[in-house]
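Per UniProt numbering, the very first residue in the sequence shown carries number 1; after that it's consecutive. For every residue, glycine included, the Cβ atom is placed at its ideal position computed from N, Cα and C. Take a look at the structure set out below.
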Amino acid sequence: MSLFNELGLRQEIVNALTDLGYEKPTPIQQQAIPQIINASNDLKAFAQTGTGKTAAFSLPILEKLDLESKATQAIILSPTRELAIQIGKNIEDFCKYMKRVNVVTVYGGANIDEQIRGLKRGAQIVVGTPGRTVDLIKRKQLKLKDIKWVVLDEADEMLNMGFKDDLDQILEVTPKEKQTLLFSATFPREVDAIAKNYMTKPVEISAGKKNAGADKVSHEYYLVSEKNRYPTLKRLADVNPNIYAIVFCRTRRETKSVAANLIDDGYNADALHGDLSQAQRDIVMEKFRAKHLQILVATDVAARGLDVDDLTHVINYKLPDQAENYTHRSGRTGRAGKEGISIAIITNREKNSLRPIESKIGKKFIAQQVPGGKEICEKQLFKLIEKVKDVEVNEDQINPYLEGIYAQLKDIEHDELIKRFVSIEFNQFLSYYQGAEDLNGDDSRERRTRSTDENFTRFYINLGKMDGLNPARLIGLINENLKKSDVEIGQIEILKSFSFFEIDKAFAEQAVEAFQHAEFEGRSVIVEVTTKPKGGGGRRSGKKRSFGGGDRNSGGGGRERRSGSGGYKGKSSSGGGYKGGKKSGGFSGAKRSGKR
Ligand code: AMP
């Protein structure tokens, strides 16, 4: 008898699980299955994707389903179409030996008539995304009066994605007598509110620690300067020749740019983001699932619902704003009890973001060193040797040539021959990494001091200590107005009634624009490009150049402004020679430039 029989599941289901290779229930399955089969209590489960939660709620529902009735008895709500399809497919696999079970999956962006026809044939289990489910209820095509189970899968994601109203509408038309099963990786206030409103005395179960990251995932970080972020990503890919990873970026723009750079640099990568059509996204996801792609560069939103096992790494190219999103990202590796690595590439400024994540996942990040050329070459060399060992030799094809080949190589010793064969492929790598620089450490602060004029544009701002300005508030003001938090900020000098700051000169033009209507505590802000006075002292006498192009003296009064975005034409007086060109990639530093 299998361990699944012991949980109360019938033989047809157990046979299907055996076919799927499920040998024993996962912890969440061990807890949820008997609970749902034997009691009618609502259930609140802390479970991330990868813990086996789909089987945890589907199997007991299948066990208890009334097969004599064609009415819809279970509605399973999931945040994305991909996840809904995945759940639908899983349930079909689980019930393949059961007769008379109909599962219909409904989601937006697909033909509604076909879904309606499916429902009309009688679907005891409906899996749906909230929007399409509401639509079908309104059209009176989906009737929920006989519902016995409502499953809210990835409840936190559904709320994050703004489905609260849809969930309310759906839950309100379900009968009072039912079992509500809520699965969520995290329990922020909004999820608890749903639980309070719609569940009665739920039993709580957990696949692990509350809000914890997946168990076998180790969390590592690499501290580098902004300009070394992309080269670090490349080195991580190079040192892991069998990498199968999702690289998370924060914006679509960054996603496109990182993916384009990786592709240009010869990596087997592609991008997944919201600017792609659904069909394009499906193609990319399928390629990735089939392992035809090794690296998928994605935004958080686009990667939702992408269900892939066996990821070797999750790489946070940039950490997410919310610690909670980190748990979603890292939970994509280390699935079904496997080991995984979640990596954060960070700069000094981002170091503070690690702590809230550590308290959320209950684990510490381990500092790692960006691999150097020697280490990478070694890894690649042995990968090559492995390839040689494993290569399939097609005797029929190669035999006719062997005699000639042996004749040509007869004077070369065995050892020498191995060296030469290996070198054919390896030389390129060796020469690429020869003398590769050490990418470790964010020394950008030091570099800024050394080379301020070269990398940064210096600005005057009409606010100082008297106005309550301090470095933190100034950085906040810059980020808020630039609407970016990844622009490098150089030296900051807060004086009594005005201040100076430097930012990456590539963003100087954007800063000019961004501060045009800026306010600080109700006061209009004036920000102008200014020179750095020779010898360091006497900031007040620093010669400034207004955004409008006209020189003026310091003092912070009203300024002359030329209209139009391209107003600033003058060469930056900070000496950086800013010519007005914008970087295309939307991320500072990290440019593909053959950098090792
Ligand atoms: P889920 O958390 O439902 O997305 O499941 C994650 C992965 O684990 C899926 O690929 C499932 O097929 C697999 N899985 C679920 N339960 C088991 C089990 N008891 N034994 C082995 N694999 C499982």
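Item, Value
"Measuring alpha carbon to alpha carbon, tell me which of 295, 303 and 263 ends up nearest residue 250.", "303"
"Do residue 461 and residue 512 have their C-beta atoms closer together than 8 Å?", "no"
"Could you please give the first and the last residue of the uninterrupted beta strand (DSSP E) stretch that includes residue 458?", "456-461"
"Can you list the beta strand (DSSP E) stretches of 3 or more residues lying completely in the segment 474-540, in chain order?", "489-494, 499-504 and 527-530"
"Does the Cβ of residue 382 have 16 or more other Cβ atoms within 10 Å, making it buried, or fewer, making it exposed?", "exposed"
"Can you tell me which residues form a DSSP beta bridge with residue 247?", "297 and 315"
"Just grab the DSSP bridge partners of residue 128 for me.", "77 and 106"
"Closer than 6 Å by C-beta to residue 135: which residues in its own chain qualify, once you throw out the five before and the five after it? Chain order, please.", "none"
"What are the residues that DSSP puts in a beta bridge with residue 180?", "150"
"What does DSSP give as the partner residues of residue 368 in its beta bridges?", "222"
"Using DSSP with H/G/I as helix, E/B as strand and the rest coil, what is residue 10?", "coil"
"Please list, in chain order, all residues of the same chain as residue 17 whose beta carbon is under 6 Å from its beta carbon, the five residues on each side excluded.", "4"
"If I'm right that residue 37 touches residue 8 with Cβ under 8 Å, what's the distance once you round it to whole angstroms?", "5 Å"
"Are residue 610 and residue 185 touching if we call contact CB-CB under 8 Å?", "Residue 610 is absent from the structure shown; the chain starts at 1 and stops at 596."
"Is residue 245 closer than 8 Å to residue 283 when the C-beta atoms are compared?", "no"
"Can residue 315 and residue 365 be called in contact, C-beta distance under 8 Å?", "no"
"Could you give the distance in angstroms between the alpha-carbon of residue 601 and the alpha-carbon of residue 145?", "Past the edges of the chain, shown from 1 to 596, lies residue 601, and the structure says nothing about it."
"Take every Cβ of the segment 274-288, pair it with every Cβ of the segment 228-238, and state whether three or more of those distances are shorter than 8 Å.", "no"
"Could you pull the DSSP bridge partners for residue 204 from this structure?", "44"
"According to DSSP, simplified to helix, strand and coil, what is residue 381?", "helix"
"Whose CA, out of 223, 401, 339 and 42, lies closest to the CA of residue 351?", "223"
"Relative to the C-alpha of residue 178, which residue among 50, 43 and 391 is closest?", "43"
"Give me the residue from 361, 345 and 346 with the minimum Cα distance to residue 325.", "361"
"Comparing the CB of residue 299 with every heavy atom of the ligand AMP, is any distance shorter than 7 Å?", "no"
"By the 10 Å Cβ neighbour count, where 16 or more other Cβ atoms means buried, how is residue 313 classified, buried or exposed?", "buried"
"For a quick check, are the C-beta atoms of residue 478 and residue 500 less than 8 Å apart?", "no"
"If you check the beta carbons only, do residue 78 and residue 168 fall under 8 Å apart?", "no"
"How close, in whole Å, do the beta carbons of residue 494 and residue 469 come, if the pair is a contact with beta carbons under 8 Å?", "6 Å"
"Which residues bound the alpha helix (DSSP H) around residue 310?", "That residue, residue 310, is in no alpha helix (DSSP H); it is neither H nor E in DSSP."
"When every heavy atom of the ligand AMP is checked, does at least one fall within less than 7 Å of the C-beta of residue 333?", "no"
"Just tell me which of 187, 216, 132 and 293 has its CA closest to the CA of residue 163.", "132"
"Cβ of residue 50 versus every heavy atom of the ligand AMP: is any distance shorter than 7 Å?", "yes"
"What does DSSP give as the partner residues of residue 604 in its beta bridges?", "The requested residue 604 is not part of the displayed model; the chain covers only 1 to 596."
"Give the DSSP-derived three-state secondary structure of residue 272 in the structure shown.", "strand"
"Within the 8 Å Cβ cut-off, does residue 441 reach chain B?", "This model lacks chain B altogether; it includes just one protein chain."
"State the start and end residues of the unbroken alpha helix (DSSP H) segment that holds residue 98.", "From DSSP, residue 98 is part of no alpha helix (DSSP H); its letter is neither H nor E."
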